[in-house]
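Just so you know, the sequence shown maps onto residues 37 to 360 in the working numbering.
Ideal Cβ placement from N, Cα and C applies to all residues, glycine included.
These numbers were taken from a predicted model, which means no experiment stands behind them.
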Amino acid sequence: MQLDILTIGDLVVDDFIRLNEAYTSEDKDLLCVDFRSKVPFESSTIVYGVGNSANAAVAGAKLGLKTAIIGVVGNDENGRKCIESLQGAGVDTSFVVAEQTTTTNYHYVLWFENDRTILIKHHAYTYVFPQLSEAPKAIYLSSLGKDALSVYDPLLGYLNTHPEVKLIFQPGTFQIEHFSDFEDFVPRSFLFIANKEEYQKMLGTSEEDPKTLLTLMKDRGPTYAVMTDGPNGLYATDGTRFVFLPMYPDPRAAFERTGAGDACASTIATALLDNIPFEEALLWGPINSMCVVQQIGAQKGLLSRDDLLEYLDKAPSTYRLTDI
37 MQLDILTIGD
47 LVVDDFIRLN
57 EAYTSEDKDL
67 LCVDFRSKVP
77 FESSTIVYGV
87 GNSANAAVAG
97 AKLGLKTAII
107 GVVGNDENGR
117 KCIESLQGAG
127 VDTSFVVAEQ
137 TTTTNYHYVL
147 WFENDRTILI
157 KHHAYTYVFP
167 QLSEAPKAIY
177 LSSLGKDALS
187 VYDPLLGYLN
197 THPEVKLIFQ
207 PGTFQIEHFS
217 DFEDFVPRSF
227 LFIANKEEYQ
237 KMLGTSEEDP
247 KTLLTLMKDR
257 GPTYAVMTDG
267 PNGLYATDGT
277 RFVFLPMYPD
287 PRAAFERTGA
297 GDACASTIAT
307 ALLDNIPFEE
317 ALLWGPINSM
327 CVVQQIGAQK
337 GLLSRDDLLE
347 YLDKAPSTYR
357 LTDI
């Protein structure tokens, strides 16, 4: 069966360490704990098989699409558990490689109140774009470390020789920091999506106006450009209409915010690939984000199609697109 979405990105283990004796600076930019002391923590929760592209693959699978991921893990217990977790969520892991001489990426998530700071370490893996017996409907490109440079030229070549394959581009940290090296993927993108701060960094501007930022990115050639702005909502354009959408109302305060952006991006992409019109597809994204932040980690709260559509049917009148 043809894949609906083939995602490409780093696989990691997230270890959520919930702090109960920390504090933030007045400007909220610093997470503080007492130095040279024993800092108590409330709990540790380990989540396997996550990362931007893994989260996208799981979101698509839960919404009924056939998804797979290209990724690398170590030949260790954590790697095996990552693969098992993805398989359990309905993701095809045929393109996941277990490298013999490395270990699986393991991140420590310092979770305080409803937000987090993540301690990251990406191991050096060898990424290879595989031979595909059948072209997928879409390829979803997101966070890859600096050691994955070898995959980009074959990927771009594949996209250029398979114009029917849609590209979803949700840049990760390294791709944002070195955006000029990845700009060739932008005009090839069916959907380009990132948050406001990432837009500003990639465009090299301090511009605050959402319409201007979207215009600058849309001029680079993607079919659809979407810019999220955390709890403030999202902005989007198809080049003709520029719209704003507030976040779907939370039933209660957010519990833990990891993966909210991934949920929104991948759900909009999934809806578009299922031939949902663009403006309706936008409405799908924040619903999955709202549910993800009610759980620990980026995947546990992801919805099935029926559950998502039920939320959409019950949406308040304020949950609608407005022109900007």
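| Taking buried to mean at least 16 other C-beta atoms within 10 Å of its own C-beta, is R152 buried or exposed? | Numbered from its first residue, the sequence shown carries residue 152 at position 116. Its Cβ being crowded by 16 or more others within 10 Å, R152 is buried.
| said: Taking only three categories from DSSP, how would you classify Y59? | reply: Reading the sequence shown from its first residue, position 23 is the one you call residue 59. Y59: strand per DSSP, three-state reduction.
| request: Output the residue ranges of the alpha helix (DSSP H) runs that lie fully inside the region 143 to 198 and measure 4 residues or longer, sorted by chain position. | output: 188 to 197
| For G333 versus F77, is the C-beta spacing smaller than 8 Å? | The count along the sequence shown starts at 1 and reaches residue 333 at position 297. The count along the sequence shown starts at 1 and reaches residue 77 at position 41. Taking 8 Å as the Cβ cut-off, G333 and F77 do not qualify as a contacting pair.
| E78 by DSSP, collapsed to three states: which one? | As a working mapping, residue 78 is identified with position 42 in the sequence shown. In this structure, E78 counts as strand in the three-state DSSP scheme.
| said: Would S179 and T139 qualify as a contact pair, given that the criterion is a beta-carbon distance under 8 Å? | reply: Locating residue 179 in the sequence shown gives position 143, where the first residue counts as 1. Locating residue 139 in the sequence shown gives position 103, where the first residue counts as 1. Going by C-beta atoms, S179 is not nearer than 8 Å to T139.
| request: Leaving aside the five residues before and after Q330 along the sequence, list all residues of the same chain whose C-beta is less than 8 Å from its C-beta, in chain order. | output: Against the sequence shown, residue 330 aligns to sequence position 294. These residues qualify, in order along the chain: D286, P287, R288, A290, F291, G337.
| query | Using 8 Å as the Cβ pair cut-off and three pairs as the minimum, do the region 191 to 200 and the region 80 to 96 touch? | reply | no
| field | Stretch-stretch touch, CB-based, cutoff 8 Å, three pairs: the region 303 to 311 with the region 52 to 63 | value | no
| field | Where the alpha helix (DSSP H) through L252 begins and ends | value | Position 216 of the sequence shown, counted from the start, is the residue given in the question as residue 252. That run of the alpha helix (DSSP H) goes 246 to 254.
| query | Taking Cβ positions, are I41 and L101 nearer each other than 8 Å? | reply | Within the sequence shown, residue 41 is the residue found at index 5, counting from 1. Within the sequence shown, residue 101 is the residue found at index 65, counting from 1. Cβ distance < 8 Å, so I41 and L101 count as in contact.
| task | Check the C-beta distance from N88 over to R293 and give it rounded, since I have them as a contact under 8 Å. | result | Position 52 of the sequence shown, counted from the first residue, corresponds to residue 88. Position 257 of the sequence shown, counted from the first residue, corresponds to residue 293. Wrong, their Cβ atoms sit about 15 Å apart, outside the cutoff.
| With 16 other Cβ atoms within 10 Å as the buried cut-off, status of T273 | What you label residue 273 is simply residue 237 of the sequence shown in a count that begins at 1. T273 comes out buried.
| message | Considering only the alpha carbon of each residue, which of F218, E113, Q38, C118 lies closest to V48? | response | Along the sequence shown, read from residue 1 onward, the residue named residue 48 stands at position 12. Checking every option, the nearest Cα to that of V48 belongs to C118.
| Residues bridged to D50 by DSSP? | To locate residue 50, count along the sequence shown from 1; it is residue 14. Answer by DSSP bridge pairing, in chain order: V83, H143.
| said: Just to confirm the assignment, what range does the beta strand (DSSP E) spanning V201 have? | reply: Counting from one through the sequence shown, the residue named residue 201 turns up at place 165. Run containing V201: none; DSSP gives neither H nor E here.
| query | Is it the case that the Cβ atoms of A174 and P207 are separated by a distance below 8 Å? | reply | Taking the first residue of the sequence shown as 1, we reach residue 174 at position 138. Taking the first residue of the sequence shown as 1, we reach residue 207 at position 171. No, these two residues do not count as a Cβ contact at 8 Å.
| query | Since L363 and V262 are thought to touch, with beta carbons under 8 Å apart, how far apart are those beta carbons, to the nearest angstrom? | reply | Residue 363 lies beyond the residue range present for the chain, which begins at 37 and ends at 360; the question has no answer from this structure.
| field | Bounding residues of the alpha helix (DSSP H) (the contiguous stretch that carries E120) | value | Along the sequence shown, one-based indexing puts residue 120 at 84. Counting along the chain, the alpha helix (DSSP H) containing E120 begins and ends at 113 to 124.
| request: Please determine, among D217, T259, D70, the residue with the shortest C-alpha to C-alpha distance to L239. | output: The residue labelled residue 239 in the question sits at position 203 within the sequence shown. Minimum Cα distance to L239 is reached at D217.
| field | According to DSSP, residues forming a beta bridge with M263 | value | One-based indexing of the sequence shown puts residue 263 at position 227. Answer by DSSP bridge pairing, in chain order: A230, Y271.
| Cβ of L319 versus every heavy atom of the ligand FMN: is any distance shorter than 7 Å? | Among the components of this structure there are no ligands whatsoever, and the ligand FMN is therefore not found.
| Residues in its own chain within less than 8 Å of L344 by CB, not counting five upstream and five downstream? | Working through the sequence shown from its first residue, we reach residue 344 at position 308. Here the set comprises L99, T303, W320, I323, N324.
| query | Going by alpha carbons, who is nearest to A95 out of Y176, R72, P223? | reply | If you number the sequence shown from 1, residue 95 lands on position 59. For the residues Y176, R72, P223, the minimum Cα distance to A95 belongs to Y176.
| field | T358, DSSP secondary structure in three states | value | Numbered from 1 along the sequence shown, position 322 holds the residue referred to as residue 358. Strand, per DSSP.
| Looking at C-alpha atoms only, which residue of L66, R356, A92 is the closest neighbour of L281? | Translated into the one-based positions of the sequence shown, residue 281 becomes position 245. Here the closest residue by C-alpha is R356.
| For A351, the nearest candidate out of K247, N91, M326 (CA to CA) | One-based indexing of the sequence shown puts residue 351 at position 315. Per the Cα distances, M326.
| query | Are any of the Cβ atoms in chain B nearer than 8 Å to that of K173? | reply | You won't find chain B in this structure, because it holds only one protein chain.
| task | Compute the distance between the beta-carbons of V109 and V132, then report whether it is under 8 Å. | result | Working through the sequence shown from its first residue, we reach residue 109 at position 73. Working through the sequence shown from its first residue, we reach residue 132 at position 96. Going by C-beta atoms, V109 is nearer than 8 Å to V132.
| query | At what residues does the alpha helix (DSSP H) containing L345 begin and finish? | reply | Here residue 345 refers to the residue found at position 309 of the sequence shown. L345 -> alpha helix (DSSP H) spans 341 to 349.
| field | Which of helix, strand or coil DSSP assigns to S325 | value | Within the sequence shown, the letter at position 289 stands for residue 325. Here S325 sits in helix by DSSP.
| task | Would you mind stating whether L39 and T103 have Cβ atoms separated by less than 8 Å? | result | Position 3 of the sequence shown, counted from the start, is the residue given in the question as residue 39. Position 67 of the sequence shown, counted from the start, is the residue given in the question as residue 103. Yes, the pair counts as a contact, with Cβ atoms nearer than the cut-off.
| request: Tell me whether the beta-carbon of E243 lies closer than 8 Å to the beta-carbon of L250. | output: The sequence position of residue 243 within the sequence shown is 207, counting from 1. The sequence position of residue 250 within the sequence shown is 214, counting from 1. Not closer than 8 Å, so no.
| DSSP puts A104 in a beta bridge; with which residues? | By one-based count along the sequence shown, residue 104 stands at place 68. A104 pairs with L42, D128.
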